[in-house]
Every structure is written in C-alpha cells, then in structure tokens.
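Protein chains in written order, with my numbering: chain A, 1 to 256; chain B, 1 to 450. No residue lacks a Cβ here, since even glycine has one placed at the ideal position from N, Cα and C. Note that the coordinates shown come from a computational prediction; the quantities given were computed from them, not determined experimentally. Okay, structure first, notes after.
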C-alpha cells in the first residue's frame, strides 16, 4: 500500500498516527493491521460497505472503542488504558454521531455550554458567548432556548456539530452524520461540514456522501473486512479505482 | 379510454374547523361510553355496580354520629335520628381520639425542669407545639426540593432541617444535633483538603472515615462539653411516647429522603466495572429484596440487641428507620438501574466524547435522565415504603394501626372496626394520592420532547 502524495498546502505536522492497529470483538477480528497517518488540516473520507469496520476505526481514535494491538497517537498523546490520556485526547477530538446524541433533558444552549463549563472550566458567560457564536455559524441561533426534541433532524445534527466545536477541538470525527436524515436535511448538514473544512479543520468522515468526498476530501479511504483496501485522492479514487472490491463498491453506490 | 394523470393545484386549501359530531358532550359520550353494543352493555353494567356500592356506602358514611362517648351511645343516636333500621358510622370515636391517632402518646404540654434543661416551652404555648412546628417546618424544608421555582437559597434550610426536626421532636441538648451536623461539615472539609492533597479517591475515603470517627469518638464529648458551657435544651421525650401518624411520617419521610441517594449509589455500583463493588451491591440488593420487611423489623427490634454490648442502647425508632430505609433502597436501586439501562448508549458515548469523566457524565447527563425515566417506579417505591410503615405495629410501635388496637381496648369503644380503619386508610390515601399526583406533575414538567 503506497502512501498517497500529500496534497499541496498541507502542513507536515502529524495529527493522528495509527500504526499496525488491531481490534477484536470477542473472537471476531474487526480491524486488521490498520496503518494511517493524518496530517494537520487533512480531510479524509472513509467509505466502505457496512460492517467493514470504518465506524469502529474512527471510534478507536477517541477511545469509544478500545484497540487491542498496535499504537494510536493522537495529537502527540498515545492512547493507552490510562484514563488521563483518554480524557486529554477526548477534549481535543470532537465527534458527531449518526443519531446526533444531543442531551434531551437540556436546552440547546445548555447542550453547547455543558462541556466547556465542566471540562474546560470556562466561565458560564464566556461559554454562552462561544455557544451563540457557533449556533450562528450553523445558522440556528434562534433555537438556543428550545430542547433537542423540538428540532428537526438536520437542525439537531448541526447543533451536535456546534456542540463539538464549542470545545475548540483540533480534530473532528464524523460517524455517518447524514445517514439518519431526510434528503432535504442532508444538504444543510453537508454545507455546515464544507464550511468547517474551508477553515482548515482536520476531519475524518465516515460517510456515503460521495459528492461531499469529491468536493472536500484530500484523501478517500476504502475499507472492507476490517482492512484498508485502497486510498487515493478523490479524483483518482472515483475515476480510476484500482482494486476489484473498490470498483464493485463504487458501481453499487454510484450506479443509480 | 385513458385517464388524464397530470394535475396541478392552483390554490392551497384554507384551514377549517372540525364538524360538530367530532366535539361536544354527545360526541364525547358516543366515543367514550357507547362506542359499540358490547361497550354500551359494559357501561350500563358498571353504572349499576357503582349504584349498588354507593347506595350501601354513602348512607353509612353520612347517617353517622359525631358526638357520643361510646359505641352504644353512638348506636342510640343513629337509631333516634335515622330510624331503628339505620346503620351508620360512629365517627365520634375519631372525634374523641384524633389527637391520639395523630401523635400517639406524645405529651401535648411537655414542661417542667428535667436533667438541668431549662424548659423552653410552658403552658402558654398551644398543645403539641413541638410536633406541629416540626411538621410545618418539614413542609417548608421539602418545598424547595419539590418545586424548582422556589428560591434555591431555601435549600440551606432543607439541609439543616433534619437536625432541627430531630431536636424539636426528641428534645434534649441542642448540641447533640449540632455536633452530628458538624460531622457532615467535617466530611466536606476532609473531601476538599485531602482531595486537593492526595487526589479525589482519597478525598472520598476521607469524607467517609473522618465523620464516622468524629461521630463515634468525639461528637458525644463535644456535645456534653458545649452543653456544660452553653446549656440550651428542650425537655427530652422518649421514643416510646411517639406514635400515630406522626410516627408514620417520621419513618416514611426519613426513609424516602435517605433511600433515594442510597438507591442511586447501589444502582451505580451494580453497573460498575469494579468486580468487588459490583458483587457487594448485587449481594446487598438481592439479600434485602429476598427477605420480607417484617423479618428485617424483627431483627431490628429483637435480635440486634443480642449482638450489641449490653450497655449500648440503640433507639428503637432509629433501628426501624434504618431497616425501612435499606429495604426501600434495595428496591430503589433496581428501579434506577432500569432507568439507566433504558438510556440509549449514545448518551454515554456523547458524554464520553466531550471529555466528561465518569462522575460528571453521571451527574450531568445519565443520572438526571435515568431518574426522569424512573419517576413512576421511584414514586411507587415511595408509596410502598410509606404504607409499609404500618408494619411497625407488629414490633409494638404505636403507629396508627397499632393505636386502633389500643383504642378498641377501651371498654367504650370495644367492637369498633370500620370507622378506625376507614379513617386511617383515608389519611394514608390522602398522602399517597398526593405523592402520585406530584409525580405526574413532575413528569409533565420534565417532558422536553414532542
């Protein structure tokens, strides 16, 4: 597997370094010999059929899943079972989930200020200002006092992105952020993500939105059966796929 | 012939009011009472059954006598007023004995000097001043906990109320509850200081060890010393004089207030990854749930004394409160565990991914939601606990049920049953129904989705 040429303008600084990482669920080998280096500012889209381990891979990066072999270094800190390191990494790595996972018992504003206040010890007033800033950025400042249950799916996902951003993360992980949304709402979430990409955020996205991959990604990674099968720049990846598995996948996902 | 399929709406339809058959009393009766033939039959049958029950019950309740000195006098009064065949309730017994049912044998006017305590109350105060004041203050202390609209500063009073209430009811030196309270202050200080110096785990341990040492070894001497310097006290009342609904409320409310936090801790312990903590919690919960409350009460009242040194006396009400509390806590733990299990795993993951540690995630994210889900179960446990307080009559505490035996022991009231149990049942119903309505109010208030 050859390392893809770095896209122009990317920094040499390494954000995430995964070396020879393996994970099992019981006896089931879900991730096999994963090697992946992500530079600061790089945007990576991970694609693959369901069950290929792509979600598990990015969930390992903020230790929502534990890897059993190999090494993951995030932002210079190695992920071990040491809780201090895990908390440190989670503070710097934001994550968006397929089902948003907003806190339904808190208002939108409280959802956004909770982690800055309790984890970063930001004064409440400052945290609220930051929260309103990001709500404006995702274009729903008027919803600040509502509860998550009163918002549409697309709005909830944008709130979830804003919630992560309030922690001022250096890396953002997206785990199928648009899979639970109606077509009309997918666009508003993708627009928010594109905007985020334009600002130079380091992003890893598990998604089936190939249009987004073409537009935004520096690199597309294709996974199958717990392995990285192919990775390339988007143009090359879509126009000239090398492996048969990738060709089959692309024909299925783009075929209609 | 082919049908034309293309169609374009040129004008959007305006909103209209629903037709009359969908609203109004007739429509309501049709949908709710007579929606089909079999439902109509059921409705009529239910109305007939209700008629028979009420036509028997209501005359008995209202063809009654409120002023009489004995059961026989009652019967005479009723016969005179409603005819020779009338049978009515003899509420006179409630009128004569309601103070006893409310307070047991608690002295209405505790006075005189005793053990060197200057009497703080004299005959000038109204009867049962101390328990009544305690009850009113209890409502004040509970209100900020029950209604979040009230000022949060009132919670400070709620925090000191248990000690104040204990002192008002049992009397004695004021320094005993003050020094007991000091134990909690010391726990807070120990957590702050030790926690800062050696880490939060040692802080938690110190917060347990320091107050226990204080209570066992020092607080008694400190209270005696302060009493000898600044003697402030109320006439002490023995636990054996407590009784009636006052006793039920003391045991019930204390059990409710203490069992909830213990239940939360047990539920978390049972969910824990730490094997020993988990085993202890599971063992405790399963043991307590597997044993009838009466057995625990007998252990508390009889057996415990065998295991304790002869000179150690352990207040009987306190023993019962402890047993009732741990009994309810075991059930509470399972109810709350159900709430925790019902939370989507995504809530735990979202809290983790934001960098919240276990305690913050539990306190801010998972536990509030789990408690909200568990409200019906928690309140059911509370109601069960409150009703179970009547079991203490089997170990000779004078709760309302125990007092009914006492009252029937009086020659004047020998043979009276329904009125006493009816009244006791009614009062319990008022308390339990209030709890039930409060839980529905809380559920409505905490509902945030659509």
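In whole angstroms, give me the CA-to-CA distance for residue i and residue j.
i                     : j                     : result
residue 334 (chain B) : residue 34 (chain A)  : 42 Å
residue 419 (chain B) : residue 342 (chain B) : 45 Å
residue 69 (chain A)  : residue 87 (chain A)  : 20 Å
residue 114 (chain B) : residue 402 (chain B) : Annotation note: pLDDT 45 at residue 114 (chain B) (below 50); position unreliable, no value reported.
residue 472 (chain B) : residue 316 (chain B) : There is simply no residue 472 (chain B) to check, as chain B begins at 1 and stops at 450 in what is shown.
residue 4 (chain A)   : residue 222 (chain A) : For residue 4 (chain A), the predicted structure reports a pLDDT of 45, less than 50, and the residue's modelled location is therefore unreliable. The matter cannot be settled from this model.
residue 264 (chain A) : residue 72 (chain A)  : Residue 264 (chain A) lies beyond the stretch modelled for chain A, which goes from 1 to 256, so this question has no answer here.
residue 456 (chain B) : residue 145 (chain B) : Any answer about residue 456 (chain B) is impossible in this case: the structure gives chain B only from 1 up to 450.
residue 112 (chain B) : residue 165 (chain B) : Unreliable positioning characterises residue 112 (chain B) in this predicted model, as indicated by a pLDDT of 49, which lies under 50. A coordinate reading is not provided.
residue 50 (chain A)  : residue 14 (chain A)  : 29 Å
residue 336 (chain B) : residue 19 (chain B)  : 46 Å
residue 44 (chain B)  : residue 249 (chain B) : 42 Å
residue 19 (chain A)  : residue 218 (chain B) : 60 Å
residue 242 (chain B) : residue 105 (chain B) : 6 Å
residue 438 (chain B) : residue 174 (chain B) : 34 Å
residue 178 (chain B) : residue 62 (chain A)  : 49 Å
residue 218 (chain A) : residue 233 (chain A) : 6 Å
residue 260 (chain B) : residue 251 (chain B) : 14 Å
residue 214 (chain B) : residue 192 (chain B) : 17 Å
residue 368 (chain B) : residue 357 (chain B) : 16 Å
residue 256 (chain B) : residue 366 (chain B) : 22 Å
residue 443 (chain B) : residue 231 (chain A) : 52 Å
residue 374 (chain B) : residue 300 (chain B) : 30 Å
residue 408 (chain B) : residue 78 (chain B)  : 20 Å
residue 10 (chain B)  : residue 176 (chain A) : 40 Å
residue 118 (chain B) : residue 237 (chain B) : Note that residue 118 (chain B) scores 48 on pLDDT, short of 50, meaning its location in the model is unreliable; the coordinates nonetheless yield the value given after this. In a straight line, the C-alpha of residue 118 (chain B) is about 14 Å away from that of residue 237 (chain B).
residue 274 (chain B) : residue 89 (chain A)  : 24 Å
Quick check: residue i and residue j, are their CB atoms within less than 8 Å of each other?
i                     : j                     : result
residue 30 (chain A)  : residue 226 (chain A) : yes
residue 339 (chain B) : residue 371 (chain B) : yes
residue 206 (chain B) : residue 223 (chain B) : no
residue 434 (chain B) : residue 379 (chain B) : no
residue 386 (chain B) : residue 423 (chain B) : no
residue 293 (chain B) : residue 391 (chain B) : yes
residue 41 (chain A)  : residue 202 (chain A) : yes
residue 109 (chain A) : residue 128 (chain A) : yes
residue 178 (chain A) : residue 165 (chain A) : no
residue 299 (chain A) : residue 107 (chain A) : Any property of residue 299 (chain A) remains undetermined from this structure, which presents chain A solely from 1 to 256.
residue 220 (chain A) : residue 55 (chain A)  : no
residue 91 (chain A)  : residue 167 (chain A) : yes
residue 291 (chain B) : residue 388 (chain B) : no
residue 143 (chain B) : residue 150 (chain B) : yes
residue 212 (chain A) : residue 193 (chain A) : yes
residue 329 (chain B) : residue 253 (chain B) : no
residue 406 (chain B) : residue 69 (chain B)  : no
residue 266 (chain B) : residue 362 (chain B) : no
residue 162 (chain A) : residue 137 (chain A) : yes
residue 160 (chain A) : residue 103 (chain A) : no
residue 131 (chain B) : residue 169 (chain B) : yes
residue 400 (chain B) : residue 101 (chain B) : yes
residue 171 (chain B) : residue 99 (chain B)  : no
Which residues share a DSSP beta bridge with residue i?
i                     : result
residue 45 (chain A)  : A:205 and A:220
residue 173 (chain B) : B:233
residue 32 (chain B)  : Paired residue(s): none; residue 32 (chain B) is not in a bridge.
residue 24 (chain A)  : A:29
residue 37 (chain A)  : A:17
residue 48 (chain B)  : Residue 48 (chain B) is not bridged to any residue.
residue 231 (chain A) : A:221
residue 421 (chain B) : The partner list for residue 421 (chain B) (beta bridge, DSSP) is empty, contrary to what the question assumes.
residue 242 (chain B) : B:104
Point to revise | Where the region 176–207 of chain A meets chain B: residues whose CB sits under 9 Å from a CB there | key: none
Review point. Along the chain, which unbroken stretches of the beta strand (DSSP E) at least 3 residues long are found entirely within the region 127–185 of chain A?
Key: 171–175
**Study point:** Any beta strand (DSSP E) of 3 or more consecutive residues that is wholly inside the region 63–140 of chain A
**Key:** 69–74 and 93–96
Practice item. Write down every uninterrupted run of the alpha helix (DSSP H) in the region 311–350 of chain B whose length is 4 residues or greater and which is fully enclosed by it, in chain order. Key: 316–342
Check your understanding: What residues from the region 86–101 of chain A come within 7 Å of chain B, judged by C-beta to C-beta, listed N to C?
Key -> 87, 90, 91, 95, 97, 99 and 101
Check your understanding: What are the uninterrupted segments assigned as beta strand (DSSP E) that are 3 or more residues long and contained completely in the region 371–401 of chain B, given in chain order?
Key -> none
Practice item. Check distances from the C-beta atoms of the region 335–363 of chain B to those of chain A and list, in chain order, the residues that come in under 7 Å. Key: 346, 347, 349, 350, 352, 353, 354, 355, 356, 357 and 360
Practice item. Can you give me, in chain order, the residues of the region 169–181 of chain B that have a beta carbon less than 9 Å from any beta carbon in chain A? Key: none
Check your understanding: When Cβ atoms are compared, which residues of the region 279–306 of chain B fall closer than 7 Å to chain A?
Key -> none
Check your understanding: In the region 128–150 of chain A, which residues sit with their C-beta less than 7 Å from some C-beta in chain B, listed in chain order?
Key -> 147, 149 and 150
Practice item. May I ask you to list, following chain order, the residues of the region 184–198 of chain B that have a beta carbon less than 9 Å from some beta carbon of chain A? Key: none
**Study point:** Selection of the region 361–380 of chain B by Cβ proximity to chain A, strictly under 7 Å
**Key:** 364, 365, 368, 369 and 372
Review point. Closer than 7 Å, Cβ to any Cβ of chain B: which residues of the region 104–130 of chain A, in chain order?
Key: 104, 105, 114, 115, 118 and 119
Check your understanding: Curious, which full-length alpha helix (DSSP H) runs of at least 4 residues does the region 158–218 of chain B contain?
Key -> 175–198 and 200–213
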